[in-house]
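Everything on this sheet refers to the single structure shown next.
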Amino acid sequence: MAQLNFVQAITHTLDFEMARDPRVVLLGEDVGKRGGVFLASQGLFDRYGPDRVIDTPLSEAAIVGAAVGMAAHGLRPVAEVQFSDYIYPGFDQLVSQAAKLRYRSGGQFFAPMVVRLPAGGGVKGGHHHSQNPETHFVHTPGLKVVYPSSPADAKGLLTTAIRDDDPVVFMEPKRLYRAFKEEVPDGEYAVPLGQARVRLEGDDVVLISYGGSVAETLMAAGALSEQGVSAHVLDLRSLLPWDKGAVLEAVARVGRVVLVSEAPKTAGFVSEIAATISEEILDTLLAPPARVTGFDTPYPYAQDRAYLPGVNRILRAVQGVLNY
Amino acid sequence: MAQLNFVQAITHTLDFEMARDPRVVLLGEDVGKRGGVFLASQGLFDRYGPDRVIDTPLSEAAIVGAAVGMAAHGLRPVAEVQFSDYIYPGFDQLVSQAAKLRYRSGGQFFAPMVVRLPAGGGVKGGHHHSQNPETHFVHTPGLKVVYPSSPADAKGLLTTAIRDDDPVVFMEPKRLYRAFKEEVPDGEYAVPLGQARVRLEGDDVVLISYGGSVAETLMAAGALSEQGVSAHVLDLRSLLPWDKGAVLEAVARVGRVVLVSEAPKTAGFVSEIAATISEEILDTLLAPPARVTGFDTPYPYAQDRAYLPGVNRILRAVQGVLNY
Amino acid sequence: MIQETHLFKPFDKPLSLVTDAGVWNAPFELDLPDETLLNMYRDLVLSRLLDEQLGKLQRLGKTSFVAPNAGHEGAHVGVAYALRAGFDWLFPYYRDHGLVLALGVPLREVFGQTLATRADPNKGRQMPAHPGSGALNVFTAASPIASHLPPAVGAALSMKLRGTGQVAVATFGEGATSEGDFHAAMNFAGVQGAPIVFVCENNGYAISVALRKQSGSETIAAKAYAYGMPGYTVDGMDALACYYVMQDAVAHAREGRGPVLVELLVYRYGAHSSADDDSAYRPREEVAAWRRRDPLGRFRRFLEARGLWEEVQERGLRDELGRTLSAALAEAEAAGSVPTEWLFDDVYAEVPDTLLEQRESL
Amino acid sequence: MIQETHLFKPFDKPLSLVTDAGVWNAPFELDLPDETLLNMYRDLVLSRLLDEQLGKLQRLGKTSFVAPNAGHEGAHVGVAYALRAGFDWLFPYYRDHGLVLALGVPLREVFGQTLATRADPNKGRQMPAHPGSGALNVFTAASPIASHLPPAVGAALSMKLRGTGQVAVATFGEGATSEGDFHAAMNFAGVQGAPIVFVCENNGYAISVALRKQSGSETIAAKAYAYGMPGYTVDGMDALACYYVMQDAVAHAREGRGPVLVELLVYRYGAHSSADDDSAYRPREEVAAWRRRDPLGRFRRFLEARGLWEEVQERGLRDELGRTLSAALAEAEAAGSVPTEWLFDDVYAEVPDTLLEQRESL
Ligand SMILES: Cc1ncc(C[n+]2csc(CCOP(=O)(O)OP(=O)(O)O)c2C)c(N)n1
Ligand SMILES: Cc1ncc(C[n+]2csc(CCOP(=O)(O)OP(=O)(O)O)c2C)c(N)n1
Ligand SMILES: [Mg+2]
Ligand SMILES: [Mg+2]
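Residue numbers (our numbering), protein chains in the order written: chain B, 1 to 324; chain Z, 1 to 324; chain L, 1 to 362; chain H, 1 to 362.
Now the structure itself:
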C-alpha cells in the first residue's frame, strides 16, 4: 500500500495496466514528454516510448476518433482530453462513433476505450476549465460514465474502465488531484462499475454526491454531526450505470435526501436520481428530494467558489429537508 | 388565415421575417436552390438571392459558428442543420461560442441567432436521422430551446425566436412536417417563449409532452376519454424556459402526472420536470410522476416505431398512475 | 507503376490510363491477367445491376431508402482490387455498395441490410446503404459525414504500432472534405505517417451543393499538401486508372511511407438518394454528358479491343447476374425480419438491468 | 507593397524586410513616417514591460494565470498597425495582449481583466489573458482553441453582405491549425471570398508539442492552398515585415479579393503559461538562439541606424512606460472586485426567473 494523491493514483494505474497489457496505449495533447498538463502520465513516455504514449495534434476529434479505431482494431486506448470542457470538438466522435459502434454493427465492431477527462471547478479556471459535462455522457446510450472522488477509487475504477469492453468516460475532479493522499493498493485492484460507496453511515438524512462535490458533502456531514444530525453519505462513483439499489435502499430507509452536484441545475444528472426516487419510492419520502447544484450559468471566473455547491448551501438544503 | 402543414408554416415564417427585417439571413446545407432537404426554405433563394440564403459547405461547425459571428456583427441568422443528429460536429460552436458569448464578454457581444433542427424519430431514419438531443441544449446555460408540435405554434415561436436577442435552438418534429394542416395566422403572430399550451382540459391525470410526442399523447388522451378518464394535456412548446407555473398548477390540482418524451430515458429533459414536481409539490401527488420515453439505446432502424413512446405505452403508464 | 512524376501537382490533369474508346494508353505495360480483367468487368456490371434492383425495391416500397451508385462503379472496382480483402480494413461510406461487393461482401448481406432482415450481420440497426462486415474488416458505415475518418486513422495507427502489415482505406465524397473530422484525420495521419489511403469519390455534388460552393481549392487532391502527403487526381470513370493508382497508394502506405490522398473523379447519374430530386440543381445535359463517359462502356470497349469480350458473353453475364441477384434477394428475405427484442442488444457488451427493465415495458 | 511574387510558394524562405542588424533590406522604399516608427517601437516595449509586470503579479499571487507574450511582440505590432482600429474586427486568442494594446485597448482594461475587477468590460467572467472590447470590435477571446475562427468568418461574411468595407482579422497559434474549426473556417471563408485575414502566430510549440508532431506540412502557410487562398510565411520577429505583409493582406481582403492566410514565425521565450514548465520539452539553447533574434532589439537597431533613437530616449521611454503601467494597474485595482451577484447577469439578455431564484439561494 502506498500513500498517493489522486493524480498519482492515475499515473500508477496507467503504469500498472500498461505493464500488464501491451494493448494499452495512451494518447492526447502533451501526454508524452510533458507527461500531460496535470502530469497524469509523467514518466510513462520514458518508460513505454512514443508508440504507446502518443502526443497528438491539437484536435479532440482526432484523439477520441483515433481511439475508436484503435480500439476497434484491438488496442485498449486511454485517451486524455486536456480538460473536460474540451470534449466538445470531439463530441461527435464520442456520441456518434464510440457510443454507437457496437450497436450499429450488430456487435461486429466495438470500442473498448477510456476517455479521461479532468473535470470540475474550484481551480480558478473560468468557464472553459471548470465545467462538469457528465450529464451529456449519461444521456448518451452506449457510453459508461465514472466519476470517482478519491485516489483508491480512482485506481479501482480506472482499472475496471480500461478492462471494460465498452467505451468509458472517466471523469476526474481536478481540484482534488493534489488535495489529499490516501492508501492505494499496490497490486491488482478493480472496483466494479455501478456500485456506490457508503462514505458515512447515518439515519437522519441521505446525502448523495459524486466527484469533486463529495469533498464538500463530507464536510457538510461533519458539520451536521456536530449538530447531532446523522447523515448517510453515498458517493456514487459510477454514474452510468449508477447504483439505484443503494440509493433507493438508503432513501427509503431514511426518507430524506439531498443530492449534490457541481453541474448546472436544469436537467443535470441528479435530476435523474430525483426523478427515479419519486417514481419508485414516493411513499417513503418524508420530505421532497432536494438538489444542491451548480447554477444555470456558464462557469464564472471571479465567483469561482460561489458557483460550487459549498458546505453552506448543502447545510441549508439539509435544514429544509429536515424541517419539512 | 391559411391552412398550412408544419413545414409550410416554417417556410411562411422565414419568408415573413426576411421580408420584414433585412438582417434576417438563412444558411445551411442545401438551403439554396434545393430549398433544404425538407423544403423548408423552398422559393426563398429565388426570392432573396444567394446573399441572404446561403448554401454552406458540409460543416455544421461552419454553419453554427458563422451564425455566431454574423449575429455578433448585427445580422439575424437562421441556421439550418440538416438533421438534429448532425448538430454534434457543430456542438462546440453552440455550447462554447453561441451559449457563452454574452456572458464571457460581459454583455459586450451577443448572438441573436436561431439554429433550426429537424428532429425526432418515426421516419425510418435509423440512429442518425431520428435523435432527440434537446436535453443537451436544455442543460447548456445561455441557450433557449423551443420544440413546437403544430404549424401555428411553429409560426408563433419561430417568429419569437428570430426576434429574440439570445441564441435559440428551434427543434422541429420532422415526422409531423406533412402530417396535418391547421390554420396559421397570415400576418404578425408571435408566441412568447416559456408558455405551455393546454391542448385538452381534464381532471383525472395530467399528460405533459412536447414536439413529436404530443401527437401520440393526444391520441392516448382520446382513448382515455372513451374510457371515461379525463386527461389534462399540456404541450410545453418551449423547453428552456419551460412553463413551471402551468405544470405545477395542473399537477397540484390533479395529483397524477405522466411525462412523455421521445428522448432516451436516463437523464432526459422530462427527468427535470419530474424532479421539479417532486421538489416543489410533493404533497399534492396522489401517485408518483411517471415517465414514458424513448429507450436507453441508440435509435434503431428496424424497430423505428417500437422505440417511440406510443399510445399503448402511454396508456399503460396512465393506468399505473390511476391505479396507484 | 505510377511513378513519382504522377504525384499530384496543382493543375495537373486527372490521371487516365484507358481512353474513352477503350484503348490502353499508359506509360507502362498492362500487367493484369485476363481473368482479373474479366472479373473486374463482372463486378462493374454486378454493381450496376444491384443499383437498378435496389431502386426497384425502393419504388415498390420494400425498402425505405436507396443511395444510387451508378457512375461510381469504376472507382469502386478500382479500389476494391487494390486491397487485400479480409486483411486490410475498409472504412466505406453510404455510396459504396459496388465497393463492398467487389471486396467480397455477400449480396445476401447487402440485401439483408437493405431490408433489415436477419441476413444483415449488422442486425438491421441502420438505414439501408450502411454496409459493414466484421468478417471482411469492413467497418460498418455510419451516417454522420466524415465521422469514420478519425477511426480509420486510429485503426491505421494500430496497424503501424503492431506492425501487422495491414493498410486502412477510407472512402468519402468530396462534400465530406469540408467537415472538421476530415481535417483532423488527414492531419493526424500525416503527422504519424499512418498506413492509410484516403479515397475521395468526387462526384461534384454534395446533395445539391456543387464543388465550387463546397471547397475553395482547385482540386480535392491539392488538399494533400496541407498534410504533407502525396495527392493524386484520377479519372474515376476509368476503372484501371483507379486500380493502378490505388495499388501504388496502398503499396506506399504498406511500405511505411505514410498516408496518401486519392481523388477519383466520378459522377452520380441518379439523384442523391431516393429522397432527393436532382432536377432542381443539375442541368440534364450535364448528366447526359457524364453518362457518355460510363465506366462500364469504357471497360467493355477495352475488353473488346483486346478480344476478350463479345455481345453474346455480355448477354450471358447479365442473365447470370440477374439470377444471382434474385437468388440473393430471396435468401435475404427468407431470413426473416429482425425481431423487436434485438432493439436492446449490443448497446453494451452485456444487456444492463435498465435495458432489461425497458425491454419488459415494451 | 508586397508583390504577387511574394505569394507563398512551398519552400519559400520566410519574408523579412529588416536584417538582424537593423538594416532595411526590402525591394521597395520604406513609406512610414518617423512618428509611426517611433510609436511602433513604443508599443513593442510596452508589450514587453506589460508581460514582465503580469509575470510579477502572478508570482505575487495577485492573479491566477499568465500567458507570456514575449517573443510575439513584432507580430503583434505588425498586425495591429495594419488594421483600422475600432472599425475592423479583431478575433484574438489568449497570447495577444501586445496586439490588443497596440490596437488601443486601454491598459487599465487589460489589468482589470487580469485581476477580475470592475475595470474589465468583460466583467471578470473569464481567466486572465482573455481580453475583449466592444468599443474596439475586439471579440472577447475564448479558451477553446480555434473556436473563434468560424465566428470570425461569420462576421466577415456579414461585412461582405452588407458592404461595410470592414475586414476581420483572426489570430491563433500553429497548434490551432489542427482543430476542425480552423478547417471549417478557412474552407467557408475560401468558398465565400470572405474579407478575413487569418494570422497564425507560429511559435513552434503548442504547449509541449513541437510543430512536426502537430502538422505534416512544411509550413502553415502551405495550408492556404487547400482553401484556394494565398498564404505567406513571414519572419515574425521583424515587426515591419509583419506590418507590410499584413497591410497587403488586409487590402486584399478589403478590396473583395477574398481571404488570406499569414504565418508569422515567432517564438515564445517563456513557458506556455504560468502553469507550465518548458524545460521538459525545449532545449535551453533553442530559447537562447531565438532570444538573439528579439524583435525589440532589431527594431531598436533599425531606429538607431536611421538616427531616430539613442540610449537616453530608451531610458526615458522605459521610465515613462513603467509609470503608465503602474498607474493603470492602480486604477484597475481601485475599480474594486467584481460583485458576486454579477454571476447571474448576461447569461441572457434578461435575467430569467430561474436565475433570480438561484441568486436568492446564494
Ligand atoms: C454530419 C452530417 N451532416 C449532414 C449530413 C446530411 N448529408 C447526407 S449525404 C450529404 C452530402 C454528402 O456529399 P458528398 O460527401 O459529396 O458524398 P456524395 O453523396 O456526393 O457521394 C449530406 C449533407 C450527414 N449525413 N452528416
Ligand atoms: C479545444 C482546446 N483543446 C485544448 C486546449 C488546451 N490548450 C490551451 S493552449 C494549448 C496549446 C495551443 O498552442 P498554439 O495554438 O500553438 O498557441 P500558443 O500557445 O503556442 O501561442 C492547448 C492544447 C484548449 N484551450 N482548447
Ligand atoms: Mg459528392
Ligand atoms: Mg504555438
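Here a beta-carbon is modelled for each residue, glycine too, at the ideal position from N, C-alpha and C.
Classification of residue i by the beta-carbon crowding that lies within 10 angstroms, buried from 16 upward
i	result
Z/K155	buried
Z/Q227	exposed
Z/I10	buried
L/G307	exposed
B/F16	buried
Z/R175	buried
B/G187	exposed
B/S209	buried
Z/R178	exposed
B/T135	buried
H/P339	exposed
Cβ shell of residue i (< 6 Å), same chain only, five flanking positions each side left out
i	result
L/I145	A176 and E179
Z/A220	V311, I314 and L315
L/L240	L17 and V18
Enclosing beta strand (DSSP E) for residue i [first to last residue]
i	result
B/H232	A231 to D235
B/T135	Taken as a continuous stretch (DSSP letters only), B/T135 belongs to no beta strand (DSSP E), being part of the alpha helix (DSSP H) at E134 to V138.
H/T36	Unbroken run through H/T36 is the alpha helix (DSSP H), D34 to R59; no beta strand (DSSP E).
Z/I281	Unbroken run through Z/I281 is the alpha helix (DSSP H), F269 to I281; no beta strand (DSSP E).
H/W290	Taken as a continuous stretch (DSSP letters only), H/W290 belongs to no beta strand (DSSP E), being part of the alpha helix (DSSP H) at R284 to R291.
B/A119	V114 to A119
B/M171	V168 to P173
Z/N5	A2 to N5
Endpoints, alpha helix (DSSP H) assigned at residue i
i	result
B/M219	S213 to E226
Z/N312	V311 to L322
B/S209	Element bounds for B/S209: not the alpha helix (DSSP H) but the beta strand (DSSP E), V205 to S209.
Neighbourhood of residue i by C-beta, 7 Å cutoff - its chain only, sequence neighbours within 5 removed
i	result
B/G320	A290
Z/L58	E29
H/D276	I207
Z/A306	none
B/Y189	K155, G156 and T159
B/P173	A119, G120, S149, G211 and G212
H/S274	Q58, F65 and V66
Sheet register partners of residue i (DSSP bridge)
i	result
B/R76	B/V24
L/W89	L/A168
Contact set for residue i: own chain, Cβ-Cβ below 8 Å, skip 5 residues either direction
i	result
B/L322	D204, V205, V229, R256 and A287
B/P241	K144, L193 and G194
Could you tell me whether the stretch 338 to 349 of chain H touches the stretch 277 to 291 of chain B, where touching means 3 or more Cβ pairs closer than 8 Å? no
Can you confirm whether the stretch 83 to 90 of chain L touches the stretch 41 to 60 of chain L when touching is taken to mean that 3 or more C-beta pairs between the two stretches lie within less than 8 Å? no
Assess contact between the stretch 202 to 221 of chain L and the stretch 228 to 242 of chain H, defined as three or more Cβ pairs (one per stretch) separated by less than 8 Å. Is contact present? yes
Take every Cβ of the stretch 152 to 168 of chain L, pair it with every Cβ of the stretch 62 to 82 of chain B, and state whether three or more of those distances are shorter than 8 Å. yes
Segment contact, 8 Å Cβ cut-off, at least three pairs: the stretch 138 to 157 of chain B with the stretch 316 to 334 of chain L: no
Below 8 Å, can you find three or more Cβ-Cβ pairs linking the stretch 109 to 127 of chain H to the stretch 282 to 292 of chain H? no
With three or more C-beta pairs closer than 8 Å as the rule, is the stretch 228 to 246 of chain B touching the stretch 103 to 115 of chain Z? no
Is the number of C-beta pairs between the stretch 122 to 138 of chain B and the stretch 258 to 277 of chain B that are closer than 8 Å three or more? yes
Cβ contact check for the stretch 237 to 250 of chain B and the stretch 197 to 213 of chain B: 3 or more pairs under 8 Å: yes
Three or more C-beta pairs below 8 Å linking the stretch 193 to 201 of chain L and the stretch 21 to 40 of chain L: no
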